[in-house]
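In my numbering, the protein residues as written are 1 to 167. In what follows, a single structure is set out as structure tokens and then discussed.
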Amino acid sequence: MIFWINGPFGAGKTTLANLMVQRMPNAHFIDTERIGYLLNPVLSTLRPVQNFQDWPAWRALVVTYLTELHEELGGTLIVPQSVFVEAYWAELREGLADLPVRAITLNVPVGELERRIRSDEIEAGSVNWRLERIDDYVAALPWLRRETDIVDASLPAHELADALSSR
1 MIFWINGPFG
11 AGKTTLANLM
21 VQRMPNAHFI
31 DTERIGYLLN
41 PVLSTLRPVQ
51 NFQDWPAWRA
61 LVVTYLTELH
71 EELGGTLIVP
81 QSVFVEAYWA
91 ELREGLADLP
101 VRAITLNVPV
111 GELERRIRSD
121 EIEAGSVNWR
131 LERIDDYVAA
141 LPWLRRETDI
151 VDASLPAHEL
161 ADALSSR
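Here is the structure:
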């Protein structure tokens, strides 16, 4: 199974994913941003983009990566990755259609989200970048509500991990 954790930057996707891996047998944390880092040196000067997800190669490689890892590892692949462009999500879901995918979106009230982002000591250099993308998340919420399960992320992360890991 692929357990995709979507949501705004700073909502706690990575924290939740790590906690779920600890709680679930045969679960694996999968960082699809690494594919963006892999593509960046090759594509950034030839085809500059604001977000590596804008490269069709990123989306195609994510599908291949997850498909191959699912076959190789089995179990649950936990993927904490924000996707706010509906067409990109549709492309990913279509590519993963032969695999069981559960997608959730962590929902945090904007005021709480801003507080979390400003107080994040791990990625303090990303504060402005994250704050600038809150509107992207809010704009994506209508289709995210249709395509994913919305989860209240104002709960403590360990409680959320317990609840989601037992389903």
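The beta-carbon is built from N, C-alpha and C at its ideal position, and this holds for glycine as well.
- Contiguous beta strand (DSSP E) elements confined to the region 47 to 113 occur at 76 to 80 and 101 to 107, taking only those with 3 or more residues.
- Relative to residue 59, the option among 34, 141 and 16 whose CA is nearest is 34.
- Residue pairing for residue 2: DSSP places it in a beta bridge opposite 77 and 101.
- Using a Cβ distance threshold of 8 angstroms, residue 49 and residue 96 do not count as a contacting pair.
- For residue 14, the CB contacts under 8 angstroms within the same chain, skipping 5 residues up- and downstream, are 80 in chain order.
- When the beta-carbon positions are compared, residue 6 and residue 82 come within less than 8 angstroms of each other.
- In the DSSP assignment, residue 152 falls within the beta strand (DSSP E) that extends over 149 to 152.
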